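Asker:
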Amino acid sequence: MSGLPEKQILIIEDDDAIRQLLKFQLEMAGYDVVAAEDGQTGLATLADRVPALIMTDLMMPGMDGHEVCRRVKSHFRTAHVPVVMLSARADLPTRVESLDHGANDYMTKPYERAEMLLRVRNLINWSRSQREANPLSGLPGNVAIERETTRRMTSGEPFLFLY
628 MSGLPEKQIL
638 IIEDDDAIRQ
648 LLKFQLEMAG
658 YDVVAAEDGQ
668 TGLATLADRV
678 PALIMTDLMM
688 PGMDGHEVCR
698 RVKSHFRTAH
708 VPVVMLSARA
718 DLPTRVESLD
728 HGANDYMTKP
738 YERAEMLLRV
748 RNLINWSRSQ
758 REANPLSGLP
768 GNVAIERETT
778 RRMTSGEPFL
788 FLY
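In structure tokens, the structure reads:
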């Protein structure tokens, strides 16, 4: 993965056709995607890089999506990374169990491309805003303030800055 951290996505999916389709759709939307065919391989990629989002299949041989999610959420380097669980199973108990294991969202297969892309964008934006918030006040922190100041200075729009 290269480029902007908020554009990096890890896909973990054992079905090659679905993995390639997800990769293509996300890359066409401007994301930098790494795809893994199983949970162990996907988790190994996290040693080198931390993506903005992980999309994992639920039912995979070996390590299933629940175990992937549990390991991602239990490690300090990756606990903040949103996880989207993908599954052909649409029943309520499975969805609830996935969310209980730490998944931030759950999507059923087949999925709608537009909905998937919006969920990905919204989760990445939410995660970034949480990381950039001041831990004491919960208000936008240094990075968000710098970004907004730069935007306003570049646009020539008048603004007031108090510190």
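628 is the number of the first residue of the sequence shown in my numbering; add one for each residue after it.
Even glycine gets a Cβ: it sits at the ideal position worked out from N, Cα and C.
Just so you know, these numbers come straight off a predicted model, no measurement behind them.
Ignore the nearest five residues each way along the sequence and tell me which others in ALA717's own chain have a CB closer than 8 angstroms to its CB.
Answerer: Excluding residues within five positions, the ones whose Cβ falls inside 8 angstroms are THR735.
Asker: Compare the beta carbon distance of GLN755 and GLU633 with 8 angstroms and say whether it is the shorter of the two.
Answerer: What sits at residue 755 in the sequence shown is Arg, not Gln. Yes; because the gap between Cβ atoms is below 8 angstroms, this pair is in contact.
Asker: In the structure shown, what three-state DSSP assignment does ASP641 receive?
Answerer: Of the three classes helix, strand and coil, the one that applies to ASP641 here is coil, per DSSP.
Asker: What number of angstroms, rounded off, separates the C-alpha of ARG676 from the C-alpha of GLN635?
Answerer: If I take the Cα positions, the gap works out to 9 angstroms.
Asker: Which residues bound the alpha helix (DSSP H) around VAL723?
Answerer: VAL723 -> alpha helix (DSSP H) spans 719-727.
Asker: Starting from ALA671, trace the alpha helix (DSSP H) both ways and give me its first and last residue.
Answerer: Here the alpha helix (DSSP H) through ALA671 covers 666-672.
Asker: When the Cα of MET682 is compared with those of THR776, GLU664, LEU766, PRO720, which residue comes out closest?
Answerer: Checked all of THR776, GLU664, LEU766, PRO720; the closest Cα to MET682 is GLU664.
Asker: Skipping 5 residues on each side, what residues in its chain have a beta carbon closer than 7 angstroms to that of LEU649?
Answerer: Contacts found: ILE638, GLU640, MET682.
Asker: Give the secondary structure of VAL708 by DSSP, where H, G and I count as helix, E and B as strand, and everything else as coil.
Answerer: Correct three-state label for VAL708: coil.
Asker: In three-state terms, what does DSSP make of ALA656?
Answerer: Here ALA656 sits in coil by DSSP.
Asker: On the DSSP bridge list, what partners appear for ARG682?
Answerer: According to the sequence provided, residue 682 is Met. The question's Arg does not apply to it. DSSP output for MET682 lists ILE638, VAL711 as bridge partner(s).
Asker: For ASP642, which option in ALA715, PRO767, LEU680, SER725 has the closest C-alpha, if you only look at C-alpha atoms?
Answerer: Selected option, being the one with the closest Cα: ALA715.
Asker: Examine the Cβ distances between the segment 698-708 and the segment 655-664 and report whether three or more of them are shorter than 8 angstroms.
Answerer: No contact exists between the segment 698-708 and the segment 655-664.
Asker: Identify the continuous alpha helix (DSSP H) that holds GLY689 and give its terminal residues.
Answerer: That residue, GLY689, is in no alpha helix (DSSP H); it is neither H nor E in DSSP.
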